[in-house]
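Novice: Here's a structure for you.
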Amino acid sequence: MSLNFAYLAGGKLHLKLGDDPVRTIDSQFGQEVQDRTLKRQQRNAWKDKNPMAGMIPQAFLQQMEAMGEAKLPVAIRSVSPCSPGQLLYTLAVGDVTGVFTLDATQDQEQRLFHNSDFAVQHLNVHPQKDEFACTVMHKDGSANIAVMPIDGARPKEITAGDSIDLAPQWLSGAQKALVFQSAGIARNSEGFVLEQSPFSIEKLDFQSGEMTTVAESDQFDLLAPKMVADGSLYYIRRPYQARQKRLNILTLLKDILLMPFRLIQAIYEWLNVFTQTYTGKPLVKPGQPKIQAKQDLLIWGNIINTEAEAEKNRRFGDQDSPALVPRSWQLICQRSDGEVQVIGDGVISYDVDANGGVVYTNGSAIYATHPGGVPKRLLRDRPIEQVVLIADQ
-18 MSLNFAYLAG
-8 GKLHLKLGDD
2 PVRTIDSQFG
12 QEVQDRTLKR
22 QQRNAWKDKN
32 PMAGMIPQAF
42 LQQMEAMGEA
52 KLPVAIRSVS
62 PCSPGQLLYT
72 LAVGDVTGVF
82 TLDATQDQEQ
92 RLFHNSDFAV
102 QHLNVHPQKD
112 EFACTVMHKD
122 GSANIAVMPI
132 DGARPKEITA
142 GDSIDLAPQW
152 LSGAQKALVF
162 QSAGIARNSE
172 GFVLEQSPFS
182 IEKLDFQSGE
192 MTTVAESDQF
202 DLLAPKMVAD
212 GSLYYIRRPY
222 QARQKRLNIL
232 TLLKDILLMP
242 FRLIQAIYEW
252 LNVFTQTYTG
262 KPLVKPGQPK
272 IQAKQDLLIW
282 GNIINTEAEA
292 EKNRRFGDQD
302 SPALVPRSWQ
312 LICQRSDGEV
322 QVIGDGVISY
332 DVDANGGVVY
342 TNGSAIYATH
352 PGGVPKRLLR
362 DRPIEQVVLI
372 ADQ
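Anchor point for the sequence shown: position 304 equals 285 in our numbering, and the numbering is continuous, going up by one each time.
Structure (structure tokens):
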């Protein structure tokens, strides 16, 4: 099976065109910002010399200096096919988010827009018009759907209110409309978000200005909707979890029983850092196994311990590419007549072509299938955050 697709893994953009090997795209803009920041830090290093240099251990000073010279984080957060041979993507450089186009044939990058007031996510280019829809994420926890011409200056928000509107997707055809996921939020008197409703799927018709609910559930979040020409609706369905969890007696008893062990571990970790700082040697000898840090990722608003989920899911499907999210995150195809079909389990991202072909990722691999078909693995990588199909050049 030969397909053209792009995917994001570890904040980097990768292209797989037909039978060619995977090609990784580096952002020239992001690299230039990193280099400028590092040079500025090195140039001003003498001004920032620590006045406590003679009072604290040299090893600790070296750690502080290394932290000060750390590279500015650069990550590609969203990608969408654009015109033939081009991709549109968002790039996060520290607190700044930008929207860029990429000529995939020549690796030429062009900046369209950047700012530090809000983040831009979930790009989707209109199939017939030179504009794209996206999510504008505000610092107060709300998010709105916005649109912007490819040659525009700034996204224009088209939804509002105290809600989280994400993942817009244009509908094909002459009608200018899109679908997106939406959840209401409740705040306390200080303005902090306390609770969030389940994500439903909404449809916005630009001509009439009407917004209608396409699918909703009290028990599930419905994520990343896509509606194809025959009226079929695709989405990721996951069990809804309220932010304010009810008190569980068994969990409380477990926490009480584990409290002494957690306290001992905390004391050990503190002593290990203290010893390594002042002597340069850890309490644990180099040849002994170390405690592994939790591999937590923020996926669709949920913090997921991907290593723990991978271990749980290893007995299902391919052992060398287990799902990084719970298997209850299912890819659904809902037909126009109401028939619901499960296409895949443990799904993070997916895309659908005009003929009903589907590619999806569980975070460890990318698979191709169609409703009623058997998934075929295309490649492995980790952690994969998004996958999109690319039309033939």
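We put the CB at the ideal spot given by N, CA and C, even for glycine.
Only a predicted model underlies this, so the values are computations on that prediction, with no experimental measurement involved.
When the Cα atoms are used, what is the spatial distance from D299 to T342?
Specialist: Cα-Cα distance, rounded: 13 angstroms.
Novice: Quick test of your reading: S163 and D146, contact by CB under 8 angstroms. State the CB separation rounded to the nearest angstrom.
Specialist: Between D146 and S163 the Cβ distance is about 5 angstroms, and since that is below 8 angstroms, they are a contact.
Novice: For V254, name the three-state secondary structure that DSSP assigns.
Specialist: Here V254 sits in helix by DSSP.
Novice: Cutting at 6 angstroms between CB atoms, please list the residues of its own chain near V3, excluding the five before and the five after it.
Specialist: Excluding positions up to five away in sequence, the list reads H(-5) and K(-3).
Novice: Kindly indicate which three-state DSSP category F242 falls into: helix, strand or coil?
Specialist: Correct three-state label for F242: helix.
Novice: Mapping DSSP to helix, strand and coil, what is R219?
Specialist: Here R219 sits in strand by DSSP.
Novice: Output the distance between the C-alpha atoms of P307 and G327, rounded to the nearest integer angstrom.
Specialist: Those two C-alpha atoms are separated by around 5 angstroms.
Novice: If we ignore side chains and look at the alpha-carbon of each, how far apart do F113 and G154 end up?
Specialist: Distance between the alpha carbons of F113 and G154: 15 angstroms.
Novice: If you run the structure through DSSP and keep just helix, strand and coil, what is E171?
Specialist: Correct three-state label for E171: coil.
Novice: State the CB to CB distance for the pair Y221 and D202, rounded to an integer number of angstroms; the pair is presumed to be in contact (CB under 8 angstroms).
Specialist: Indeed they touch by this definition, with Cβ atoms about 5 angstroms apart.
Novice: Could you name the residues of the same chain whose beta carbon sits closer than 7 angstroms to that of M36, not counting the 5 residues immediately before and after it, in chain order?
Specialist: In this predicted model, M36 has a pLDDT of only 49, less than 50, meaning its place in the structure is not dependable; the value taken from the coordinates is given anyway. Excluding positions up to five away in sequence, the list is empty.
Novice: Using a Cβ-Cβ cutoff of less than 7 angstroms, which residues in the same chain neighbour I272 once the five nearest sequence positions on both sides are dropped?
Specialist: Low per-residue confidence applies at I272: pLDDT is 48, beneath 50, and the placement is therefore not dependable, though the value from the model is reported in the following sentence. Result list for I272: empty, nothing under 7 angstroms.
Novice: Just reading off the beta strand (DSSP E) that E290 is part of, what are its end residues?
Specialist: Here E290 belongs to no beta strand (DSSP E); instead the alpha helix (DSSP H) covers T287 to N294.
Novice: Can you confirm whether the stretch 68 to 80 touches the stretch 104 to 119 when touching is taken to mean that 3 or more C-beta pairs between the two stretches lie within less than 8 angstroms?
Specialist: As far as the Cβ criterion goes, the stretch 104 to 119 touches the stretch 68 to 80, which means the pair count is three or higher.
Novice: If you reduce the DSSP assignment to three classes, tell me which class R24 lands in.
Specialist: Looking at R24 - three-state DSSP - the assignment turns out to be helix.
Novice: On the CB-based measure, 16 or more other CB atoms within 10 Å of its CB, does S61 come out buried or exposed?
Specialist: S61 comes out buried.
Novice: Can you find the residues in the same chain that come closer than 7 angstroms, C-beta to C-beta, to D84, ignoring five residues on each side of it along the sequence?
Specialist: Around D84: G66 and Q67.
Novice: Alpha carbon to alpha carbon, what distance is there between I182 and I217?
Specialist: Approximately 11 angstroms, taken between the alpha carbons.
Novice: Counting pairs of beta carbons, one from the stretch 129 to 139 and one from the stretch 160 to 178, are three or more of them closer than 8 angstroms?
Specialist: No, they do not touch.
Novice: Name the DSSP bridge partner or partners of T82?
Specialist: Paired residues: L69 and Q91.
Novice: Go through its chain and collect everything with a Cβ distance to P364's Cβ below 7 angstroms, but skip five positions before and after it.
Specialist: The residues are A(-10), G(-9), L278, T287, L305 and G344.
Novice: Report the residue from L312, D362, D98 and G75 whose alpha carbon sits nearest the alpha carbon of T376.
Specialist: Any question about residue 376 goes unanswered here, given that the chain covers just -18 to 374.
Novice: Our contact map puts S309 next to R224 with C-beta atoms below 8 angstroms; I'd like the distance itself, whole angstroms only.
Specialist: Not a contact, Cβ separation roughly 18 angstroms.
Novice: Starting from T350, trace the beta strand (DSSP E) in both directions and tell me its first and last residue.
Specialist: Here the beta strand (DSSP E) through T350 covers A346 to T350.
Novice: Since G212 contacts S317 with CB under 8 angstroms, what's their CB separation in whole angstroms?
Specialist: Yes, G212 and S317 are in contact; Cβ-Cβ is about 3 angstroms, under 8 angstroms.
Novice: Assuming K184 is part of the beta strand (DSSP E), what are its boundary residues?
Specialist: Its beta strand (DSSP E) spans residues S181 to D186.
Novice: Can you tell me the Cα-Cα spacing of A127 and T116, whole angstroms?
Specialist: Approximately 6 angstroms between the Cα atoms of the pair.
Novice: Determine the DSSP secondary structure at V368, reduced to helix, strand or coil.
Specialist: If DSSP states are grouped into helix, strand and coil, V368 belongs with the strands.
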